[in-house]
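Participant:
Numbering (the numbering used here), first residue to last: 134 to 570.
Below, the structure written as structure tokens:
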């Protein structure tokens, strides 16, 4: 596989990510996984941390946004970007001087992705919140859990990542697609309450048709049905059962040794409580792995419930390489998978704050080695040490810069493309931060 094909489908896309927590960093990770040049603006520099998975494959620039020089450097990066994503409360970017109005004026093609929990407007928009709060007001949280018990926190998947990260990405990529027709960027307002609610379309249909009760553990997909829930096995481990369709339900009954007559009354809710008790007794007679072996290769829709440590070794997970160590840290492989433009294997995060000096200046058309200390106009040529081979003509440079080019040592065995010499998005020079691409 050649380098071009290994770059990923988003190769060449320039993204600026403002440092934050939750959905925005994961969105940046997914973009970087698929080949985008993601530069993370951080508050301070620091060593590389291989456990910081959401920052894998990104560059980072440590900028003091309260200083004139740091703010100017951030503006220059955004002016050269295709996308900026941020997860601050409404108004923070505006107060920094990095809001959509000035940034789109400087870069009309910019897609400005804004990620919040409550949204950019509404009475709660200026207040703090977390995944559990956002799910709480949408109706989603109330639908999860056991009957008569308090709703459990369902990790922070529903609002933060499904309703947040994925809708931010949908919005950003949609805006980029539209930009291909109009040539203009725009603001994307991605709110977790919007996204989490949008995911519930099926359940709103069920409610409208009278197929869903407004109570927990009383419905088809909330653990109310005996054929769609988890069961404890003899060894204390668990089995997931999802035999919804009649043919799959029949396979479940046959392999588990349950009464075949249950297939005729599968949807009769009055029968469900008694069947819960019966199925619990049956599944408690064997270990989880014994049941998994019994159902292997069938269409009964039964699978073992694995813990974090067991999941990588499951045969299906292992066959696809879904989880693998990167820098000694177990993590997910890039997803989804592309036939013609596959993503590169995941790379560990680089040191925080080193990219401005090592890579961004050269790749994004800057002359200075340290943007914060010595900002210069973006129109300045790229330094000889980063882009231009010795002896090449360097139009527009001061005499001392030309002399520096003539005296620079050569890079053996390396030939710069014309695109790279012009300051385009050619390969970065050697010696950059680890994992920076």
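Ideal Cβ positions, reconstructed from N, Cα and C, are used throughout, including at glycine.
Between the beta-carbon of residue 100 and the beta-carbon of residue 279, is there less than 7 Å?
Facilitator: Nothing about residue 100 can be read from this structure; the chain reaches only from 134 to 570.
Participant: Measuring only the C-alpha atoms, how far is residue 565 from residue 486?
Facilitator: Note that residue 565 has pLDDT 29, beneath the 50 cutoff, so the model's placement of it is unreliable and no number is given.
Participant: What residue does the beta strand (DSSP E) around residue 371 start on, and which one ends it?
Facilitator: It spans 371-375 - the beta strand (DSSP E) in which residue 371 sits, taken as one unbroken run.
Participant: Compare the C-alpha of residue 446 against each of 459, 463, 432 and 269 and name the closest.
Facilitator: Answer by Cα proximity: 463.
Participant: With a cut-off of 8 Å on the beta carbons, I'd call residue 481 and residue 189 a contact; round off their distance for me.
Facilitator: With a Cβ gap of about 6 Å, residue 481 and residue 189 count as contacting.
Participant: Count the CB pairs spanning the segment 375-384 and the segment 429-440 that are closer than 8 Å, and state whether there are at least three.
Facilitator: Segments in contact, yes.
Participant: CA-CA distance, residue 571 and residue 175?
Facilitator: Given a span of 134 to 570 for the chain in the structure shown, any question on residue 571 remains unanswerable.
Participant: To which residues does DSSP link residue 218 through a beta bridge?
Facilitator: For residue 218, which the question treats as bridged, DSSP gives the partners 150 and 246.
Participant: Could you tell me the distance, in whole angstroms, from the CA atom of residue 509 to the CA atom of residue 307?
Facilitator: Below a pLDDT of 50, predicted positions are generally treated as unreliable, and residue 509, at 31, falls in that range; no measurement from the model is reported.
Participant: For the putative contact between residue 304 and residue 325, defined by C-beta atoms under 8 Å, what is the C-beta separation to the nearest angstrom?
Facilitator: About 13 Å; that fails the 8 Å criterion.
Participant: Let me check one thing: in DSSP terms, what residues is residue 174 bridge-paired to?
Facilitator: DSSP, once it has assigned bridges, lists 151 and 194 as partnering residue 174.
Participant: Could you tell me the distance, in whole angstroms, from the CA atom of residue 234 to the CA atom of residue 224?
Facilitator: Rounded to the nearest angstrom, the two C-alpha atoms are 12 Å apart.
Participant: Considering just the uninterrupted stretch of the alpha helix (DSSP H) at residue 415, what are its terminal residues?
Facilitator: Here the alpha helix (DSSP H) through residue 415 covers 405-416.
Participant: For the candidate residues 184, 206, 259 and 448, whose alpha-carbon lies nearest to that of residue 75?
Facilitator: Because the chain spans 134 through 570 in this model, residue 75 falls outside it and cannot be assessed.
Participant: Please identify the residue among 320, 155, 152 and 187 whose C-alpha is closest to the C-alpha of residue 164.
Facilitator: The shortest Cα separation from residue 164 among 320, 155, 152 and 187 belongs to 187.
Participant: List the DSSP bridge partners of residue 458.
Facilitator: Partner(s): 463.
Participant: Among 239, 275, 388 and 221, whose alpha-carbon lies nearest the alpha-carbon of residue 333?
Facilitator: That would be 275, whose Cα lies nearest to the Cα of residue 333.
Participant: To the nearest angstrom, how far is the alpha carbon of residue 477 from that of residue 470?
Facilitator: Distance between the alpha carbons of residue 477 and residue 470 is about 10 Å.
Participant: What does a CB cutoff of less than 7 Å around residue 291 pick up in its chain, not counting 5 residues either side in sequence?
Facilitator: Contacts found: 264, 268, 273 and 329.
Participant: Who are residue 322's beta bridge partners in DSSP?
Facilitator: Bridge partners of residue 322: 247.
Participant: May I ask you to report which of helix, strand or coil DSSP gives residue 513?
Facilitator: With a pLDDT of 29 at residue 513, under the threshold of 50, the modelled position of that residue is not reliable, and the figure given next carries that caveat. Looking at residue 513 - three-state DSSP - the assignment turns out to be coil, as it is neither helix nor strand.
Participant: Over what stretch of residues does the beta strand (DSSP E) that includes residue 365 continue unbroken?
Facilitator: Taken as a continuous stretch (DSSP letters only), the beta strand (DSSP E) holding residue 365 covers 361-365.
Participant: Out of curiosity, what's the CA-to-CA distance linking residue 209 and residue 475?
Facilitator: Taking the straight line joining both Cα atoms gives about 31 Å.
Participant: How long is the line joining the alpha carbons of residue 418 and residue 355, rounded to whole angstroms?
Facilitator: Near 24 Å, if we compare the C-alpha coordinates of residue 355 and residue 418.
Participant: Tell me residue 485's beta-bridge partners as DSSP assigns them.
Facilitator: 179.
Participant: Tell me whether residue 287 sits in a helix, a strand or coil according to DSSP, three-state version.
Facilitator: The answer is coil: DSSP assigns residue 287 none of H, G, I, E or B.
Participant: I'd like the span of the alpha helix (DSSP H) that includes residue 438, first residue to last.
Facilitator: Segment 435-438 is the beta strand (DSSP E) holding residue 438; no alpha helix (DSSP H) there.
Participant: So, at 6 Å on beta carbons, what are the nonlocal neighbours of residue 177 in its own chain, with the 5 sequence-adjacent residues on each side left out?
Facilitator: If we look at residue 177 and ignore the five residues flanking it on each side, its Cβ neighbours are 195.
Participant: Assuming residue 313 is part of the alpha helix (DSSP H), what are its boundary residues?
Facilitator: Residues 299-315.
Participant: Please determine, among 457, 473 and 472, the residue with the shortest C-alpha to C-alpha distance to residue 466.
Facilitator: When only C-alpha atoms are compared, the closest one is 457.
Participant: Excluding the five sequence neighbours on either side, which residues of its own chain have a C-beta within less than 7 Å of the C-beta of residue 152, listed in chain order?
Facilitator: Taken in chain order, the residues that qualify are 173, 174, 175 and 176.
Participant: On the criterion of 16 or more Cβ atoms from any shown chain inside 10 Å, does residue 315 qualify as buried, or is it exposed?
Facilitator: Exposed: under 16 other Cβ atoms inside 10 Å.
Participant: Thinking just about the alpha-carbon of each residue, which of 180, 144 and 322 is nearest to the one in residue 169?
Facilitator: Closest by alpha carbon: 144.
Participant: Which residues bound the alpha helix (DSSP H) around residue 225?
Facilitator: Run containing residue 225: 225-229, per the alpha helix (DSSP H) assignment.
Participant: Hey, could you find the ends of the alpha helix (DSSP H) residue 161 is sitting in?
Facilitator: Run containing residue 161: 156-166, per the alpha helix (DSSP H) assignment.
Participant: In chain order, what residues of the same chain lie with their CB nearer than 6 Å to the CB of residue 250, ignoring the 5 residues before and after it?
Facilitator: Closer than 6 Å at Cβ, skipping near neighbours: 262, 267 and 325.
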